[in-house]
Amino acid sequence: MKYTLDTIPVLDAYRTGCECPLCKMRIQSEDSYIDSMLGAAYMEPDCRVRTNEIGFCSRHFELMYDRRNRLGLALMTHTHMQEVIKSMEGILAGEMPKGGFLASFSRSKGGEETAPAKIRARIGGCVICDDLNNALNRYAYTIAQLYFTHTEFKQLFESSKGFCLPHLALVLEMAGKTLSAEQTKTFQKKVAEIEIENLKRVEGELEWFTLKFDYRNTDKPWGNSKDAVERGINKLMGAIVGEEAALPAHND
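Numbers in the working numbering are just positions in the sequence shown, counted from 1, shifted up by 269.
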């Protein structure tokens, strides 16, 4: 796969000093894709072909519903449901062995997929998730490339707080695919140094959060530990709780 550089959003994310720049870019991209999907995009033929066939996951259906463009969402949901009905007719009618409808829900002797497996596969896609994954791959590629080519970025990277663990895996994977062997070794060594240092920092802040509940520490300062639980979870799993995980507020 050919990747392209996305220098500006990567630099902007690193300049914020956040716990995981890729989480920052994921949230910004997700917000942008949702707005785009409910804007003019849903009237474009190429977009409708994709949304009709693939649909959306429960998270992105919920987020689009919250934006309250009910007409755009209704149009996409309607034509997607038409495609789903065609698939369901084939899934449910095409697996009718002896024993009738209920028998179609058990695995055949030949090892073919069962109706439940096909139903789950049919509703398992999401246009926005696909776009987000593609964007994050580009951003991870950009991070690995800029480290060796962009002086300001290298400084930002080396003073950063590392990554959440899912995005740590993504960046290391992308570096291994796109850098030379020597560059990969250098990059991985620096990433490991930054990551372990910052995991220990968050662990220490979590410890102090727990110790603050001891009456002997009541009057001692919190330091950076007031939001340590949220940041600890987000460091482990990606930005899923607290302010770091919040999409920008919308008035629509």
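Just so it is clear, CB atoms sit at the ideal spot from N, CA and C, and this is done for glycine as well. Small disclaimer: the values here were computed from a predicted structure and weren't measured.
Residue i - DSSP class collapsed to helix/strand/coil
i: G308; result: coil
i: N486; result: helix
i: W477; result: helix
i: G501; result: helix
i: N493; result: coil
i: T285; result: coil
i: T273; result: coil
i: H349; result: helix
i: H329; result: helix
i: G359; result: helix
i: P290; result: helix
i: I463; result: helix
i: S298; result: helix
i: P517; result: coil
i: K367; result: Caution applies to K367, whose pLDDT of 47 falls short of 50 and renders its modelled position unreliable; the model cannot decide the point.
i: V279; result: helix
i: K423; result: helix
i: K430; result: coil
i: I303; result: helix
i: I509; result: coil
Of the listed residues the options, nearest to residue i (C-alpha basis)
i: G308; options: K293, P278, R337; result: R337
i: E513; options: T273, Y283, C287, T276; result: C287
i: E457; options: N467, A438, L425; result: It should be noted that the sequence gives Gln, not Glu, for residue 457. Of the listed residues, the one whose Cα sits closest to Q457 is A438.
i: S428; options: Y410, V460, R407, E451; result: V460
i: A413; options: N402, G359, H436; result: H436
i: T285; options: K430, K469, H349; result: K430
i: E403; options: G511, Y302, A343; result: According to the sequence displayed, residue 403 carries Asn and not Glu. N403 has its Cα closest to that of Y302, out of G511, Y302, A343.
i: T273; options: N321, N406, I296; result: N406
i: L339; options: Y311, N321, G363, V353; result: It is Arg, not Leu, that sits at residue 339 in the sequence shown. Per the Cα distances, Y311.
i: L516; options: D304, P278, D275; result: D304
i: E466; options: A282, A362, K504; result: K504
i: K387; options: E464, G359, D488, T411; result: G359
i: Y283; options: T447, L415, M506; result: L415
i: R295; options: E382, C433, V318, F330; result: C433
i: E331; options: N321, T346, A409, W491; result: T346
i: V510; options: L280, K293, D281; result: K293
i: Y410; options: P385, K446, F426; result: K446
i: H329; options: P314, D300, Q351, H349; result: D300
i: M443; options: F426, Y408, F422; result: Y408
Element boundaries [alpha helix (DSSP H), containing residue i]
i: F417; result: 396-418
i: N338; result: Careful: N338 lies outside any alpha helix (DSSP H) and carries neither H nor E.
i: T447; result: 434-447
i: K387; result: 384-391
i: P314; result: 314-323
Residue i CB to nearest heavy atom of the ligand FMN below 7 Å
i: G363; result: The ligand content of the structure shown is nil, which means the ligand FMN is not present either.
Contact with chain C by residue i, beta-carbon distance below 8 Å
i: I465; result: The structure shown has no chain C; it contains just one protein chain.
> Quick check: the segment 468-476 against the segment 489-502, are there 3 or more CB pairs under 8 Å?
Replying inline: yes
> Within the chosen definition, does the segment 389-402 reach the segment 317-333 through at least 3 CB pairs nearer than 8 Å?
Replying inline: yes
> Is the segment 444-451 touching the segment 476-484 in the sense that three or more CB pairs, one from each, lie closer than 8 Å?
Replying inline: no
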